[in-house]
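Engineer:
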Amino acid sequence: MTKHRKWLLSCIAIAAFLAVVFLLEQTIPKSSNWSMLFTVLEKGSIYALVAVSMNLVNGFTGLFSLGQAGFMLIGAYTYAIFTIPPEQRASVYQYFDGGIITFMLPAIPSILLAGIVAAFFAFLIGLPVLRLKSDYLAIASLGFAEILRAIFQWDKLGPITNGSNLLRKFTTYHTSLYPIIAAGICIAIMLLVINSSYGRAFKAIREDEIAAEAMGINLFKHKEMSFVISSFFAGIGGALLAMFQTTIQASVFRAALTYEFLLIVVIGGMGSVTGSIIASYLFIACREWWLRFLDSEQYIGDFKVPLLRAGFRNVVFSVVIMIIVLFFSQGIMGTKEFSWQGLGGLIRKIPTIPARLRRKFKKEAQVNE
Amino acid sequence: MLKIENLNVHYGGIHALRGVNMHIEQGKIISLIGANGAGKSTTLRSIMGLVPKSDGKVIYKGEDITTTPTIKIVKGGISLTPEGRKVFPDLTVKENLLLGAYLRKNKAEIQKDLEWVYELFPRLLEREWQIAATLSGGEQQMLAVGRSLMSRPQLLMMDEPSLGLAPIIVKGIFDIIKQINEAGVSVLLIEQNAKAALEISDYAYVLETGTVVLEGPGKELITNDEVKKAYLGA
């Protein structure tokens, strides 16, 4: 298949997908059960964006950073603070005399600003933190995110951040296409970075730092670059998440949020953008929609299904994760990416999948014996 | 071309290099032989600036590069093929080679050198799109040497290129080293395989516990009694 044809196919696929989403949005009423589909598409896209940004650092550059929630927090707050209409500020900042900012910016510049502010903080934090290795980097970045959350909830900063109160009434979007397209553009930019010579250098650092340095790659500069780019897009992801939720509060951005993305990256495959995207949609669809029934009591006829009650969903989720870690440690995609040829091959392989899985489990069982 | 004066390196409390003096002439193959732990790899790594030096000087083309960062040294034309090959296992052969040319910007020149490397190692061309981890040991060594050449070095330093390879492949690697040298690249070679190294070297240094104990033209050292006893097993 020629390069030209692949491009054409990709463009058609993207256009068709957007058209389908648009049509569905026009036809499915907000009250129907199927409106969950839009939640999944919107939140899934936002999660995909943040997951890919996390993958850029953790999967492609091989740095174990857990600061994603912190950078999302910065992005979300930056966006929200600058897009609350001046006439609404008195009611939002009711405990702080309407806050100290008396103007508002349009949505798109604010989203970009959210990314830039997050990237700026990443740059500052990266200077000391990126000199640490593996576990230490994880601890330091996690600590940074937690400190940030505490600072944003601090009363003294109330005139800007509204303390521990909600930020609301900021500009939001009105169509599911908005987050999908925004996340799509951001992911496309990250793909360009990954496939550039910088991306190659990131991967070289992941594989072997000494050899990378001997090639003349400046380790620190490239780590910092990857970290800043990742945080920029995490900030944008935070801004989009704020739009999705319509209100924002620092307590949402706990370490648990970072773990969700870590989970998505691992399930999708460290070092695969496609994997992160697929895993994001799967994760959100399962959590918000498909596995919801586990959380309420269900009856089949007169028979009450045992175990099902509030919280059981998380139990099932944990088991699924354990299965993935034990048997599919490469994740869904490993380090492979989507390609049209790969898709063709996959479709031809579908009939053989049950047999292949049987063989795989047999082999694992033998190894475990 | 490269002059090392009284080089000292400490690893914590260990005094790894104790005043090494070496001189590498333009266009020659120089080899550095010695037992395990004699300080051969440390010498190369400290030339590249990968290990901090505690004393001494490294002078490259009349310029003091003792404290120059690695990147500038690579830019200046010194390239290291690290010990144990150290190819990037999850990247393709081509990506590995292009990483060798990371500091160069001229695409046409890079392409030309890529073709030269493929000419030296036709096996790499066959496996251009293969993941480096799936190559055999010999092919990985070819890749490591090819990758070093991609920075278009004037001085190529190789750390045990024959490590763990079958004799026939070792011979191939040494032929290539001669070919590379004939193309105008000076070579500094570390080898356990002393005989093969001495045969192709113009000059050689014998290192023992961090100091040069013997030096001379390669052909002379082969017949030297001490070298024979210690390294050639005669």
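Same order as they appear, the protein sequences are chains A and B.
With this note's numbering applied, the first sequence covers 1 to 369.
With this note's numbering applied, the second sequence covers 1001 to 1234.
Using N, Cα and C, we set each Cβ at its ideal position, and we do this for glycine too.
1. Would you decide whether E42/A is buried or exposed? Buried here means 16 or more other CB atoms lie within 10 Å of its CB.
2. Is the Cβ of F1088/B closer than 8 Å to any Cβ of chain A?
3. The beta strand (DSSP E) with K1057/B in it runs from where to where?
4. Consider the Cβ of L1103/B: report whether some Cβ of chain A lies at a distance smaller than 8 Å.
5. Scan the region 201 to 213 of chain A for residues whose Cβ lies nearer than 7 Å to a Cβ of chain B and list them as they occur along the chain.
6. From S1079/B to R1104/B, what distance separates their C-alpha atoms?
7. At which residues does the alpha helix (DSSP H) containing N1096/B begin and terminate?
8. Using a Cβ cut-off of 9 Å, pull out every chain B residue sitting near M333/A, in sequence order please.
9. Where do the N-terminal and C-terminal ends of the alpha helix (DSSP H) with T27/A fall, by residue?
10. To the nearest angstrom, report how far apart F293/A and V40/A are at their CA atoms.
11. Do you know whose CA, among I1024/B, V1020/B, Q1141/B, I1176/B, lies nearest V1087/B's CA?
12. Okay, do the region 1198 to 1208 of chain B and the region 1216 to 1229 of chain B touch, 3+ Cβ pairs below 8 Å being the bar?
13. With DSSP run on the structure shown, which of helix, strand or coil describes M1048/B?
14. Are the CB atoms of I278/A and P268/A within a distance shorter than 8 Å?
15. Among E1226/B, P1122/B, G1137/B, which has the Cα closest to the Cα of P1167/B?
16. If you follow the alpha helix (DSSP H) that K1086/B is part of, which residue opens it and which one closes it?
17. Do you know offhand how far T1067/B's Cα is from E146/A's?
18. With 8 Å as the threshold, decide whether the Cβ of M104/A is near any Cβ in chain B.
19. Going by the DSSP bridge assignment, what does T1081/B pair with across the sheet?
20. Using a Cβ-Cβ cut-off of 6 Å (strictly less than) and excluding sequence neighbours within five positions of S1046/B, which residues of its own chain qualify?
21. How about K203/A and L1091/B: are their beta carbons less than 8 Å apart?
22. Could you spell out the range, first to last residue, of the beta strand (DSSP E) harbouring S1031/B?
23. Mind pulling the alpha helix (DSSP H) runs of 4 or more residues that sit fully within the region 225 to 266 of chain A?
24. Taking only beta-carbon atoms, is N218/A less than 8 Å away from chain B?
Structural biologist: Here's the rundown:
1. Residue environment for E42/A: buried (at least 16 other C-beta atoms within 10 angstroms of its C-beta).
2. Yes, F1088/B counts as interfacial toward chain A.
3. Unbroken beta strand (DSSP E) run through K1057/B: 1055 to 1060.
4. Yes, because at least one Cβ of chain A sits closer than 8 Å to the Cβ of L1103/B.
5. Only those residues of the region 201 to 213 of chain A whose C-beta falls short of 7 Å from the nearest C-beta of chain B are listed: A201, K203, A204, E207, D208, I210, A211, E213.
6. Straight across, the Cα-Cα distance linking S1079/B with R1104/B is about 13 Å.
7. That run of the alpha helix (DSSP H) goes 1093 to 1100.
8. Within chain B, no C-beta atom comes nearer than 9 Å to that of M333/A; the closest sits roughly 13 Å away.
9. Element bounds for T27/A: 3 to 27.
10. C-alpha separation (whole angstroms): 16 Å.
11. Nearest of I1024/B, V1020/B, Q1141/B, I1176/B to V1087/B, Cα basis: Q1141/B.
12. The region 1198 to 1208 of chain B, when compared against the region 1216 to 1229 of chain B, does touch it at the 8 Å Cβ threshold.
13. Reduced to three states, the DSSP call for M1048/B is coil.
14. Before going further, note that residue 268/A is Gly rather than Pro in the sequence given. In this structure, I278/A lies closer than 8 Å to G268/A by Cβ.
15. Selected option, being the one with the closest Cα: G1137/B.
16. Element bounds for K1086/B: n/a, residue is neither H nor E.
17. Annotation: T1067/B to E146/A spans about 39 Å, alpha carbon to alpha carbon.
18. Among the residues facing chain B, M104/A is not included, as its CB has no counterpart in that chain under 8 Å away.
19. Answer is M1158/B, bridged to T1081/B.
20. For S1046/B, where only same-chain residues beyond five positions count, the Cβ hits under 6 Å are V1009, K1053.
21. Cβ atoms of K203/A and L1091/B: closer than 8 Å.
22. First-last of the beta strand (DSSP E) with S1031/B: 1029 to 1034.
23. Listed in chain order, there is nothing to give.
24. True, the Cβ-Cβ gap to chain B drops below 8 Å.
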